[in-house]
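Per numbering that gives the first Met the number 0, the very first residue in the sequence shown carries number 0; after that it's consecutive. Quick reminder that beta carbons are idealized off the backbone N, C-alpha and C, glycines included. Have a look at the structure below before the remarks.
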Amino acid sequence: MTTTIYFSSNRLGEVADDQLQRMLDRFNLGRLRSSGKTPEGVMEQTLYISSTAGQFVLKGNPLFQGQWAEEQFIVEQLHTRTQIPAPAPYLVDETEDIFGWSYSIMPCLDGQHIHTPELQARLTPPDQQQMAEMLAIVLLELHSWKVEDSGELDTSSLAIRPFDVSYRVWLYGRIRYWLEDARKYSDISVQDIAWVEGILEGSRQVFDQLNTNTFVMGDFKPQNFLVKNGDGGWKVSGLFDFTTAYFGDEVADLPKITIMYLENGEEELARRFLTAYLKGMEDKKGFVERFRVHMLHQQILNWGCAKAMKQVTWDDKLSFADWARKFTDIEGYEH
Numbered sequence: 000m001t002t003t004i005y006f007s008s009n010r011l012g013e014v015a016d017d018q019l020q021r022m023l024d025r026f027n028l029g030r031l032r033s034s035g036k037t038p039e040g041v042m043e044q045t046l047y048i049s050s051t052a053g054q055f056v057l058k059g060n061p062l063f064q065g066q067w068a069e070e071q072f073i074v075e076q077l078h079t080r081t082q083i084p085a086p087a088p089y090l091v092d093e094t095e096d097i098f099g100w101s102y103s104i105m106p107c108l109d110g111q112h113i114h115t116p117e118l119q120a121r122l123t124p125p126d127q128q129q130m131a132e133m134l135a136i137v138l139l140e141l142h143s144w145k146v147e148d149s150g151e152l153d154t155s156s157l158a159i160r161p162f163d164v165s166y167r168v169w170l171y172g173r174i175r176y177w178l179e180d181a182r183k184y185s186d187i188s189v190q191d192i193a194w195v196e197g198i199l200e201g202s203r204q205v206f207d208q209l210n211t212n213t214f215v216m217g218d219f220k221p222q223n224f225l226v227k228n229g230d231g232g233w234k235v236s237g238l239f240d241f242t243t244a245y246f247g248d249e250v251a252d253l254p255k256i257t258i259m260y261l262e263n264g265e266e267e268l269a270r271r272f273l274t275a276y277l278k279g280m281e282d283k284k285g286f287v288e289r290f291r292v293h294m295l296h297q298q299i300l301n302w303g304c305a306k307a308m309k310q311v312t313w314d315d316k317l318s319f320a321d322w323a324r325k326f327t328d329i330e331g332y333e334h
């Protein structure tokens, strides 16, 4: 398991039909009909595969040693521990004789991404409200996988390898590292740094007293799950991509969906999402402080990435603190 943050990947490159057929033959998955890029495959590690045996997704050229073992283990655990649809069976071939790199192949799950214009155009306000609450419930189920220690999965032993330092020290170290990295591409003032340190210091005691560790997906965002509407309303019909998963504070999985709603001007949906999650939490102590720190972490990453790639979508004259404050000030949209 890795908590390394990747902004690029090892791409698949050109893949020939005869290679895909050899892969299908290896797992008795029928004859190749067609293949194509996945629309949400930002890292370009994936291909859609259609065969006489069904629809599949090929994921290849791993980002790190053990990526497939990690994802296979997580998929199997979620399949056993929860009702969340994960891509099982998750098949792995660690040999490199077909493509020149190892790969995994998994069932293609059915549904749509919630951020697609086609789906958004069809959603009614009650649909959107139900979906916000449903996403919170899915995360609560995901976080029902509780463990003794914070840390990462050792892909050799399939045991959790605790962090070398406390969870707070590990998390705060990441935040400071990425804030310093953002200074390479943008103006991070002394006042910005003081504001960040104020948030961290104000949350120190809460994190030092935190003693609940759960599975954290690390990348719970619209691109990594699918939804379908049925008799009981909207449900997640597929959850995938566990590349940055680890074990720690469950609240770390809340910022990306919250950011999606806030950037769309949907504060009421952000509020509904967080309220539904908070209602189902077992360990609510220090929720506001925990959320603020995890949101700060995410927005430091988003700020640095946008500035480095010159893809800023907000007022570029804003200081980091002024820009990030509307996301970290949870009191503004929590109630």
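| query | result |
| --- | --- |
| To the nearest angstrom, how far is the alpha carbon of Glu69 from that of Leu170? | 21 Å |
| Run through DSSP, which three-state label would Glu346 get? | Within the shown structure, residues of the chain are numbered from 0 to 334, placing residue 346 beyond reach of any answer. |
| Once you ignore the five residues that flank Pro106 on each side, which residues in its own chain have a CB closer than 8 Å to its CB? | Gly53, Gln54, Phe55, Val56, Pro86, Ala87, Pro88 |
| Kindly indicate which three-state DSSP category Ser202 falls into: helix, strand or coil? | helix |
| Please go through the same chain and pick out, in chain order, the residues whose beta-carbon is closer than 7 Å to the beta-carbon of Leu77, but skip the five residues on each side of it. | Ile83, Ala85 |
| Given Leu238, which residues of its chain have a CB within under 6 Å of its CB, disregarding the five upstream and five downstream residues? | Ile83, Ala85, Phe224 |
| Under 8 Å: do the region 90–100 and the region 257–267 share three or more Cβ pairs, one atom per stretch? | no |
| Would a C-beta distance cut-off of 8 Å place His142 and Glu13 closer than the cut-off? | no |
| Residues bridged to Met105 by DSSP? | Val56 |
| For a test of the three-state rule: what should DSSP assign to Leu134, helix, strand or coil? | helix |
| Note down the Cα distance separating Pro254 from Pro221, rounded to an integer number of angstroms. | 12 Å |
| When DSSP labels each residue in this structure, what does Ala120 get in the three-state scheme? | helix |
| Do the region 126–133 and the region 230–246 meet, that is, are 3 or more Cβ pairs less than 8 Å apart? | yes |
| Spatial neighbours of Thr337 within its chain, please: CB distance less than 7 Å, with the 5 preceding and 5 following residues excluded, ordered by chain position. | Any property of residue 337 remains undetermined from this structure, which presents the chain solely from 0 to 334. |
| Name the two residues that bound the continuous alpha helix (DSSP H) containing Tyr171. | 166–181 |
| Any contact of the region 171–181 with the region 107–120, i.e. 3+ C-beta pairs under 8 Å? | no |
| Going by Cα to Cα distance, which pick from Lys306, Ile198, Arg175, Gly150 is closest to Met216? | Gly150 |
| If you drop the 5 nearest sequence neighbours on each side, which residues of the same chain put their C-beta closer than 7 Å to that of Val41? | Low confidence applies here, because Val41 scores a pLDDT of 49, under 50, leaving its location unreliable; read the following figure in that light. The answer, listed in chain order, is Gln222. |
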